[in-house]
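Beneath this line is the structure, given in structure tokens, with notes to follow.
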């Protein structure tokens, strides 16, 4: 019985998260900072009820994981600029932005 309750609770949470995205592909990622012009990857509706959140083609069961991936991708892009010799961007700036 406890297992069934946990599964039901998980499915309800996933469905609730899925309903947060409208079919018009609204981006759940609201962060607009973009050091070096690198913006956060959009978090969109995947169209898959089991993994409703999509970031750059990867799908997730909840919004928190998708938003974390979006932030990680932005950090990596920013750090690549800094490590690639862009004198206007530092990895420290990228790390500070990721914590915002």
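Numbering (mature numbering (1 follows the signal peptide of the UniProt record, and there is no 0)), first residue to last: -20 to -1, 1 to 80.
Just so you know, even glycine gets a beta-carbon here, dropped at the ideal spot from N, CA and C.
- When the Cα atoms are used, residue 58 and residue 69 turn out to be separated by approximately 8 Å.
- With respect to the 9 Å criterion, residue 47 and residue 24 are not classified as neighbours on the basis of their beta carbons.
- Residue 21 has no beta-bridge partner at all, per DSSP.
- Per DSSP, the beta bridge partners of residue 34 are 24, 39.
- Assigned with DSSP and collapsed to three states, residue 63 falls in helix.
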